[in-house]
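Visitor: Chains as they are written, first to last, in the numbering used here: chain A, 1 to 340; chain B, 1001 to 1340. Think of the CB as a built atom: it goes at the ideal place given N, C-alpha and C, for glycine as much as any other residue. Please read through the structure below; I'll follow up with questions.
Number of protein chains: 2
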Amino acid sequence: MATVRKSTLSDVARRAGVSATTASYILNGRSAQMRIAPATQDRVLKAAADLRYRPNPSARSLRTSTTRTVGVISDLVAGGSFASQMLTGASAAARMLAHLIVIGESQGDPQLEALLVEEMLDRHVDGIIYATLATSEVSVPRPLRQQRVVLLNCVDRATQLPAVLPDEYEGGRTAVAELLAGEVPGEIHVVGEMSSEGGSLAGPLRLDGIRDALREAGRDLAGVLSCPWDVAPAFDVVDGFLRDGGRAAGLVCLNDRVALGTFQALAEHGLVVPDDVSVVSFDGSELAGWLRPRLTSVAIPYADLGARAVEMLLDTKEQGPSVVRVPMPVARGTSVLRAR
Amino acid sequence: MATVRKSTLSDVARRAGVSATTASYILNGRSAQMRIAPATQDRVLKAAADLRYRPNPSARSLRTSTTRTVGVISDLVAGGSFASQMLTGASAAARMLAHLIVIGESQGDPQLEALLVEEMLDRHVDGIIYATLATSEVSVPRPLRQQRVVLLNCVDRATQLPAVLPDEYEGGRTAVAELLAGEVPGEIHVVGEMSSEGGSLAGPLRLDGIRDALREAGRDLAGVLSCPWDVAPAFDVVDGFLRDGGRAAGLVCLNDRVALGTFQALAEHGLVVPDDVSVVSFDGSELAGWLRPRLTSVAIPYADLGARAVEMLLDTKEQGPSVVRVPMPVARGTSVLRAR
DNA sequence: TGATCCTGCTGATTCGATTCAGCATGTGGT
DNA sequence: ACCACATGCTGAATCGAATCAGCAGGATCA
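Encoded structure:
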């Protein structure tokens, strides 16, 4: 642990033969306003380089009360690659802006959440990103309200805080576009829950987009096979549908897990994707790429969301509350029957 | 942004009618050695509570040069839930020890990695966890060597740094135990790559465990279907095997993606899991739970790894270099034929 | 020759907590 | 009545950088 003693501003100043004050001005790029002679400037810069001078962030923070860190608080119940990707984006954006990311996971526990918020505020993070796994409506903890905050993947109607979300409505339209770019000679159904309980906002918006896009194409939505967004429920509902003699040429699954369940049910009934049924989905998860055939999925741009959130947070142009919708790109597979 | 002015130690001291020195001693639990009168102690504690005093971490760090943060540097190429789970564990453990986690993702880029290391050292993190996605042999960046470091999911033979890894060998044995707890009236094969290139250490160790456990049970390994650890390659190799007339009663897949490919190939050949073939796997990912039937998988305890790494890092008992192997628990599904 | 201005720098203070060294009291012993 | 000692507290320095106010010294002008 024999760490080399770090050199301080005074070390640099001494080596350059100037006062710490002067060195400070120069190293902070304020030479101009302070009328520092170019020669002096060079000497100090050289000294700093020689000594590998790196300012002590604690000292700086103490004076300026900014820490060049941003806190990310999420409920992200481990597992999904959500957190991972979102943090990747956030972390990259933060690096660009010379910040580091401090994380805290509330695991959905309001008390833990409050603790984490407090701890981050104690440490004077320059801002906090409040993220949720599922797109949802939230009520941010009190102490956060008068801080720099950006909501990620959620909104808080009460407070009008700035937020970053996927553009679910356009995503819905995109899914339909993918489907109709192929051959779909029959009914189109949606698979997935749309009951508004649970607070997820994604479902209704995607469904709106799907409905509108279909209508504009002169087709309509034959029905919705309603189920929770998971593999087994999706299997059951699609299995039931087929067992009852239901037939569809196109299925829009509301996420990739639903699509997996759907694939399994279709296989069980001897139906082949995409020859018998075309399938598109949402999430753009790894899973989509693992299926046979590979699934066309409208992706949730987690990394982008993370990056945008950080940028908004650190953007000094203090624009008012605003909600940014990030486009959902397509991860294209071969689950849609090609047009002849 | 109208943040309430935070109260300082002097505020507390003034309110309690003592000096800042005294307040400091009391709040740091050093009343005893400093012979503070109980009454004074109570007054200070009360004042601190009244004012909702929270020490300023920057000031404290400046004096003590400890920051109550730990850095996590990983290559974690987004996507896998690896990072997410590992951070969950790390973050929980850190909370217990009153620390926060600062993250940095190197994306496998040594230059970026060096930058991140530097930035974290600048900020005086109390220690760094150096993590890799795939269990592998690494060479940690220079500046890290004389710091408090714990390797996570990797080892550095050159430096003998402490490390935390899954117990892959025992995991291999566990997989076999799961398989043989059922009915496996025929050959047992392994599916997955075992060439030692790439630096992944998991494969060979799992394979050793598998071989030893089989031998001890009086069975042997009929063969290894070699392929990269991913869905499509696994599908191809198993498909080829079956096409060539190969038959197996038990398959040990080296990870869950391989197992998915294997499931797909088996289905293609009309083979039913577990009736015709029993399958076990490694990873314990969500995917295992999504398959039909649910896959029995020996889990990589990411959260535990993260937690253990943090604990080792912050454990002051400065024990020498040591390598900890964390047990791999079973996520049990129904992919093994039940014994009659 | 002195008043004025500009140039180029520096001293001293501040941020908030920690910590060493030491200073008043009060108590006990002789 | 005087010294020794324990008790209970405090002053001042310190960590490293930022920043305000201001000071020499030379040039410029009347």
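Among A:Tyr130, A:Val12, A:Asn153, A:Glu137, which residue has its Cα nearest to the Cα of Gln147 (chain A)?
Guide: For the purposes of this step, residue 147 (chain A) is taken as the residue at position 147 of the first sequence. Cα-wise, what sits closest to Gln147 (chain A) is A:Tyr130.
Visitor: Please list the terminal residues of the continuous alpha helix (DSSP H) segment that includes Ile1026 (chain B).
Guide: Within the second sequence, the letter at position 26 stands for residue 1026 (chain B). It spans 1020-1027 - the alpha helix (DSSP H) in which Ile1026 (chain B) sits, taken as one unbroken run.
Visitor: For a cutoff of 9 Å on Cβ pairs, would you count Ile1129 (chain B) as touching chain A?
Guide: What you label residue 1129 (chain B) is simply residue 129 of the second sequence in a count that begins at 1. False, the Cβ-Cβ gap to chain A never drops below 9 Å.
Visitor: Residues in its own chain within less than 7 Å of Ile997 (chain B) by CB, not counting five upstream and five downstream?
Guide: Past the edges of chain B, shown from 1001 to 1340, lies residue 997 (chain B), and the structure says nothing about it.
Visitor: Pro1057 (chain B) versus chain A: which residues are under 7 Å apart at the beta carbon?
Guide: Reading the second sequence from its first residue, position 57 is the one you call residue 1057 (chain B). Here the neighbours are Asp122, Arg123.
Visitor: Put Arg292 (chain A) into one of helix, strand or coil per three-state DSSP.
Guide: Counting from one through the first sequence, the residue named residue 292 (chain A) turns up at place 292. In the structure shown, Arg292 (chain A) sits in coil (DSSP, three-state: anything other than H, G, I, E or B).
Visitor: Does DSSP classify Ser1084 (chain B) as helix, strand or coil?
Guide: Locating residue 1084 (chain B) in the second sequence gives position 84, counting from the first residue. Looking at Ser1084 (chain B) - three-state DSSP - the assignment turns out to be helix.
Visitor: Quick one: grab the DSSP three-state call for Ala163 (chain A).
Guide: Position 163 of the first sequence, counted from the first residue, corresponds to residue 163 (chain A). Correct three-state label for Ala163 (chain A): strand.
Visitor: Counting along the chain, where does the alpha helix (DSSP H) carrying Asp212 (chain A) start and finish?
Guide: For the purposes of this step, residue 212 (chain A) is identified with residue 212 of the first sequence, where counting begins at 1. Counting along the chain, the alpha helix (DSSP H) containing Asp212 (chain A) begins and ends at 202-216.
Visitor: When DSSP labels each residue in this structure, what does Ser10 (chain A) get in the three-state scheme?
Guide: What you label residue 10 (chain A) is simply residue 10 of the first sequence in a count that begins at 1. Of the three classes helix, strand and coil, the one that applies to Ser10 (chain A) here is helix, per DSSP.
Visitor: Along the region 222-236 of chain A, where does the CB come closer than 9 Å to a CB of chain B? Name the residues.
Guide: Listed in sequence order: Asp230, Val231, Ala232, Phe235.
Visitor: Using 9 Å as the limit for Cβ to Cβ distance, is Phe1082 (chain B) near chain A?
Guide: Walking along the second sequence from the start, residue 1082 (chain B) turns up at place 82. Chain A, which has a Cβ nearer than 9 Å to the Cβ of Phe1082 (chain B), makes this yes.
Visitor: Between B:Asn1153, B:Ala1158, B:Arg1157, B:Glu1170, which has its C-alpha nearest Val1164 (chain B)'s C-alpha?
Guide: Position 164 of the second sequence holds residue 1164 (chain B). When each option's Cα is compared against that of Val1164 (chain B), the closest is B:Asn1153.
Visitor: Quick one: is Ser65 (chain A) near chain B, going by C-beta distance under 9 Å?
Guide: Position 65 of the first sequence, counted from the first residue, corresponds to residue 65 (chain A). For Ser65 (chain A), the answer is yes, since a Cβ of chain B falls inside 9 Å of its Cβ.
Visitor: Indicate whether Pro327 (chain A) and Pro301 (chain A) have their beta-carbon atoms separated by less than 9 Å.
Guide: If you number the first sequence from 1, residue 327 (chain A) lands on position 327. If you number the first sequence from 1, residue 301 (chain A) lands on position 301. Yes, they are a contact pair.
Visitor: At least one CB of chain A closer than 9 Å to the CB of Ser1010 (chain B): is that the case?
Guide: Translated into positions along the second sequence, residue 1010 (chain B) becomes position 10. Not an interface residue.
Visitor: Measure the Cβ-Cβ separation of Ile36 (chain A) and Tyr25 (chain A) and say whether it is below 9 Å.
Guide: Working through the first sequence from its first residue, we reach residue 36 (chain A) at position 36. Working through the first sequence from its first residue, we reach residue 25 (chain A) at position 25. In contact: Ile36 (chain A) and Tyr25 (chain A) (Cβ atoms closer than 9 Å).
Visitor: Between which two residues does the alpha helix (DSSP H) containing Glu1168 (chain B) stretch?
Guide: Within the second sequence, residue 1168 (chain B) is the residue found at index 168, counting from 1. Residues 1168-1180.
Visitor: Output needed for Glu1355 (chain B): all residues of its chain with C-beta closer than 8 Å, excluding positions within five of it in sequence on either side, in chain order.
Guide: What the structure shows of chain B is the stretch from 1001 to 1340, and residue 1355 (chain B) is not part of that stretch, so it cannot be assessed.
Visitor: I'd like the span of the alpha helix (DSSP H) that includes Leu1116 (chain B), first residue to last.
Guide: Locating residue 1116 (chain B) in the second sequence gives position 116, where the first residue counts as 1. That run of the alpha helix (DSSP H) goes 1110-1122.
Visitor: Enumerate in chain order the residues of its own chain whose CB-to-CB distance from His1099 (chain B) is below 8 Å, with the five nearest sequence positions on each side excluded.
Guide: The sequence position of residue 1099 (chain B) within the second sequence is 99, counting from 1. Counting only Cβ-Cβ distances below 8 Å, and skipping sequence neighbours, we find Arg1068, Thr1069, Val1070, Asp1126, Val1310, Leu1314.
Visitor: Nearest CA to the CA of Asp256 (chain A): which residue from A:Val330, A:Asp212, A:Arg243?
Guide: Within the first sequence, the letter at position 256 stands for residue 256 (chain A). When only C-alpha atoms are compared, the closest one is A:Val330.
Visitor: At the 9 Å Cβ level, is Ala1002 (chain B) part of the contact set with chain A, yes or no?
Guide: Here residue 1002 (chain B) refers to the residue found at position 2 when the second sequence is read from its first residue. Residue placement at Ala1002 (chain B) is flagged as unreliable, the pLDDT there being 42, under the threshold of 50; a coordinate-derived value is accordingly withheld.
Visitor: So with Cβ pairs under 9 Å, would you call Glu193 (chain A) a contact of chain B?
Guide: The residue you call residue 193 (chain A) lines up with position 193 of the first sequence. Cβ-Cβ to chain B under 9 Å: no for Glu193 (chain A).
Visitor: Applying the 10 Å Cβ sphere with the 16-neighbour rule, what's the burial state of Val1323 (chain B)?
Guide: Numbered from its first residue, the second sequence carries residue 1323 (chain B) at position 323. Exposed.
Visitor: Anything in the region 96-108 of chain A with a Cβ closer than 7 Å to a Cβ of chain B? List those residues in chain order, please.
Guide: The region 96-108 of chain A vs chain B, Cβ under 7 Å: Leu100, Ile101, Val102, Ile103, Gly104, Glu105.
Visitor: Going by other Cβ atoms of all chains shown within 10 Å of its Cβ, with 16 needed for buried, is Ala1346 (chain B) buried or exposed?
Guide: Since the displayed chain B opens at 1001 and closes at 1340, residue 1346 (chain B) lies outside it and no answer follows.
Visitor: Would you verify that the beta carbon of Gly1240 (chain B) is, or is not, closer than 9 Å to some beta carbon of chain A?
Guide: Residue mapping note: residue 1240 (chain B) aligns to position 240 of the second sequence, counting from 1. So, not an interface residue.
Visitor: On a CA-only basis, which of A:Arg325, A:Leu266, A:Met312 is nearest Ser335 (chain A)? Give me that one, please.
Guide: Position 335 of the first sequence, counted from the first residue, corresponds to residue 335 (chain A). For the residues A:Arg325, A:Leu266, A:Met312, the minimum Cα distance to Ser335 (chain A) belongs to A:Leu266.
Visitor: What is the DSSP secondary structure of Met1001 (chain B), reduced to helix, strand or coil?
Guide: Reading the second sequence from its first residue, position 1 is the one you call residue 1001 (chain B). Unreliable positioning characterises Met1001 (chain B) in this predicted model, as indicated by a pLDDT of 44, which lies under 50. The coordinate reading is nonetheless provided below. Here Met1001 (chain B) sits in coil by DSSP.
Visitor: What's the gap between the Cα of Ser65 (chain A) and the Cα of Met86 (chain A)?
Guide: To locate residue 65 (chain A), count along the first sequence from 1; it is residue 65. To locate residue 86 (chain A), count along the first sequence from 1; it is residue 86. Computed Cα separation, rounded: 27 Å.
Visitor: Short of 7 Å in beta carbon distance, which residues of its chain neighbour Gly1089 (chain B), apart from the five on each side in sequence? Order them along the chain.
Guide: On the second sequence, position 89 is the one that residue 1089 (chain B) refers to. So the qualifying residues of the chain are Tyr1302, Ala1303, Asp1304, Leu1305, Gly1306, Ala1307.
Visitor: Below 7 Å on C-beta distance, what does Gln1264 (chain B) contact in chain A?
Guide: Walking along the second sequence from the start, residue 1264 (chain B) turns up at place 264. Within 7 Å Cβ-Cβ: Arg292.
Visitor: Check Arg142 (chain A) in the structure and name its three-state DSSP category.
Guide: Start at 1 with the first residue of the first sequence, and residue 142 (chain A) comes out as number 142. Arg142 (chain A): helix per DSSP, three-state reduction.
Visitor: Starting from the C-beta of Pro1233 (chain B), find all residues in its chain whose C-beta is less than 6 Å away, skip the five residues before and the five after it, and write them out in chain order.
Guide: Here residue 1233 (chain B) corresponds to residue number 233 of the second sequence, with the count starting at 1. Cys1227, listed in sequence order.
Visitor: Mark Pro166 (chain A) as exposed unless 16 or more other C-beta atoms lie within 10 angstroms of its C-beta, in which case mark it buried.
Guide: Position 166 of the first sequence, counting from 1, holds the residue named residue 166 (chain A). When all chains shown are included, Pro166 (chain A) counts as buried.
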